[in-house]
Each structure stands twice: as C-alpha cells, then as structure tokens.
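Worksheet: the structure to be examined is printed underneath.
Residue numbers (the numbering used here): 167 to 571.
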C-alpha cells in the first residue's frame, strides 16, 4: 500500500431536518465545512474534495479559501449515495495514485486529525490488507469517517444505490476493521438543531464529558425492568415494538413497587422509557410511592431499535435472513439490521448520555429508572465501571436492582 489518501466531504444535502444549512453553521471559529477541510488536508495532503449540491453557490468561495476542491453533484436530490459516487468518481479521475479515501459527512464536524491519523496508520499497517474498510469506534459505537480502499471504487461507482453504501459494505462485513479511539467527536452528528447545540456545548467544554461515576458518586440507583408483556403465539423480536403489560406483568410491578417503597427513595421523580410497557410500569410504581413522585419520560431510555426485525417472529427472521441471523449470533453486541437500527453499543451511548444529563439536572440522593433489558445492562455496567459487553447478571422482568456508587 502506498499510504496516500484522499478525503471526500459530503455537503450536498438539503439540511431539511436541521432548518439551517449545515455546511456553513459555525463550529468554533470556523464553519463546519471549513473545519473538516482543515482537519482532513493534514492527512490527505491537500487531496480534499467537497461534494456540493443544494446551495452550491454559497459554498464555492468558502471551500476554495479553506483549501478544498469543489465537485458538483447534479443528482444530489436523489440521495446521499449519489454524492458518494460523485466524490469517489472524482477521486478516481483526479488522484489515481491514492490507495483509499476517507468519506466524511459534513454532519460530523468534530472529526479530528488525530482520528484520521490513527486510521491512516492502520491502513498503512502491514497487518491491514488492501481490501479492509476502516471505521473509528468510541466506546464501541461506530463513528466517522469511513475509510474505503481503492479496490471498491469501481463497484461503488457502478452500483445502482439500492440500500445506499451500507448495501455495498454489508457484502464485505468481515472486511470491516473497527478502530477504538478516545475522541467522542467522531460519533457526534448535527442532524437536528438539538444535536447541533450539543456539539457546540461539547466543543465549549474542550470536547470532554463529565465523568459518569463522579456524577453518580454517593447516590443510589433503582433500576427497574418493566413487567411481563402481552404474550404472542411464538417467540418474537421485541425492541421498540410497543406492547402493553399483561396482568402478570402488572402484578410483578406491584410487588416490586412495595419493596421499593420500603427503601423510602429520596427523590420526587421517576424516569422512564416512553414505551407503554415501561410507562405503565412507572405509573404502578408511582401509585405505591405517592402522587408527589413526578413521572419523566426520557426517549433515550427506550429499548434497542431492531429495525426491520422489530415485532416479527424469530422463526420468520431465521428463514428470511439466515446469513444476518447467523452474524448476529456471532457478535450480538456489534450486529445491527440496518442504518436505522441499533446495536448494544449504540444503546449504551444514548442511555449513558441520558443518565449523565439526569445527574447534571437532578441532585437527588436516589435516582429511579424504569426501562428495558438492554438499557439497564448498559446503565448498570457503566455504573460499576464496566461496559455493556462485559458480563451482566440479567434482571428478570418486573424486578429491580439497587446500585450504590
């Protein structure tokens, strides 16, 4: 491998969910697109292409002054994959000497030179073959950029786009190398105004987070798993598929609530997932503790998103997606069913982030959380100084566990 790289920054979209044009949003002292160009050029040696589309004219001068090269995607309104093809095709034409490309969405403006250099070093390593994709991971969660070796350029440029780039990379799932990094910025995007403000806040704090264990010190955590739910005729994949408690589940939570009341929790709030099986469980706990306990629904405490598998029989999934089902069995923590689905590391990142926000805003000595198996596993293990993929003593439905930090 020659160790020469290019970078493609994707900046062609409408930014419809954001409401503002993402490439030109200020991130520190520069706009998002300028920041990425400056970080990428140190590793790509100036070979930085920015794919434009929507609001092209407003970007041209900014890109040029920052040292990037603009390439226009005429088909930008047909989706991101057209911009990926435009960028990769341009690299093929302009930089035939490069061995691979870093694909960088403008949505992720905190990707740093440090992450890029670590990936570049891995790409140059004698242990890394020239057909390996590379991706950085923070605490197990995949981030950006994606490194694409040259050998896949032609396949990407000729692909019809069905299923996006993931349809291509999934064919070579065993060629994906996950590179652990300690920079959280690589997993942060600004798809919405709220997420943009989180990036600005994170940047303002020097790209550092408050320690979860320090925030949790001296507190008790009541982790409650929702009660048993309505039963189906056969075993199902149940993630964010919303089903209510059955009578047995309600009884389980009533018994658990009585035990919790004996502990006299020193708080006036109950934090819960908004899914009905958890929210209903929280209401039963509230009945036992008293109406002064306010129920707070926290979306990031929701169960894992299983994507296209959610709410479908296990038998059907095994028959229809045998290879994917087998992959899940080999590495359940990493596997996910599609771009909109989650794996256990994704759940860990959002659940721990939610708990950190709770602890920053709530000074109560005790914290009560009603949630689901994957979320509770992530929270408990992190409160014990571990990670979601470490061993965990499963919590039965309708029961609870007290964690003292």
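Each residue gets a CB set at the ideal place from its N, CA and C atoms; glycine is no exception.
Approximately 7 angstroms separates the beta-carbon atoms of residue 214 and residue 235; this is inside 8 angstroms, confirming the contact. Taking 4 residues as the shortest admissible run, the segment 233–313 contains the following complete alpha helix (DSSP H) segments, listed from N- to C-terminal end: 246–260, 279–290. Taking a contact as a CB-CB distance under 8 angstroms, the pair residue 269 and residue 174 counts as one, their CB atoms being some 5 angstroms apart. Here DSSP, grouped into helix, strand and coil, assigns residue 349 to coil.
Along the length of the segment 335–410, whole alpha helix (DSSP H) runs at least 4 residues long occupy 359–370, 378–382, reported in chain order.
Taking 8 angstroms as the upper bound for CB-CB distance, residue 553 and residue 547 are in contact here, some 6 angstroms apart. Around the CB of residue 481, fewer than 16 other CB atoms lie within 10 Å, so the residue is classed as exposed. At the C-beta level, residue 351 and residue 514 stay beyond 8 angstroms of one another. Only buried fits residue 439, as 16 or more other CB atoms lie within 10 angstroms of its CB.
Pairwise C-beta distances place the segment 319–335 out of contact with the segment 369–383, as fewer than three of them are shorter than 8 angstroms. Here residue 542 is near residue 391, since their CB atoms are less than 8 angstroms apart. Residue 511 sits in a helix when the DSSP states are folded into three classes. Per the C-alpha coordinates, the member of 251, 386, 263, 555 positioned closest to residue 433 is 386.
Residues 491 of the same chain have their beta carbon placed closer than 6 angstroms to that of residue 484, with the five preceding and five following residues left out of the count. Here the segment 238–254 makes contact with the segment 310–322; the two share three or more CB pairs at distances below 8 angstroms. Scanning 371, 512, 169, 220 for the CA closest to the CA of residue 188 turns up 220. In the three-state DSSP reduction, residue 470 falls in the coil class, being neither helix nor strand. For residue 277 and residue 454, the gap between their C-alpha atoms comes out near 48 angstroms. Taking the C-beta atoms as reference points, residue 304 is found nearer than 8 angstroms to residue 353. Assigned with DSSP and collapsed to three states, residue 532 falls in strand. Around the beta carbon of residue 512, 16 or more other beta carbons sit within 10 angstroms, so the residue counts as buried. Note on geometry: alpha-carbon atoms of residue 519 and residue 544 lie some 11 angstroms from one another. Cβ atoms of residue 535 and residue 467 come within 8 angstroms of each other, at about 7 angstroms. Closest in C-alpha terms to residue 556, from the list 499, 212, 241, 218, comes 499. Between residue 315 and residue 340 a beta carbon distance of about 14 angstroms is seen, past the 8 angstroms cut, so the two are scored as non-contacting. Rounded to whole angstroms, residue 170 and residue 263 show a C-alpha spacing of 7 angstroms. Check the Cα spacing between residue 505 and each of 488, 471, 285, 280: the tightest is with 471.
Contact between the segment 277–289 and the segment 230–246 is absent: fewer than 3 CB-CB pairs across the two stretches fall below 8 angstroms. Sorting 178, 288, 430 by C-alpha distance to the C-alpha of residue 226 places 178 at the top.
The DSSP-derived three-state label of residue 554 is coil. Under the three-state reduction of DSSP, residue 178 is assigned to coil, being neither helix nor strand. Secondary-structure assignment with DSSP links residue 221 through a beta bridge to 219. For residue 481, the enclosing alpha helix (DSSP H) begins and ends at 480–486. Within the same chain, Cβ atoms closer than 7 angstroms to the Cβ of residue 465 are found at 440, the five residues on either side in sequence being excluded.
Residue environment for residue 437: buried (at least 16 other C-beta atoms within 10 angstroms of its C-beta).
Inter-residue distance for residue 190 and residue 289 is about 31 angstroms (C-alpha atoms, whole angstroms).
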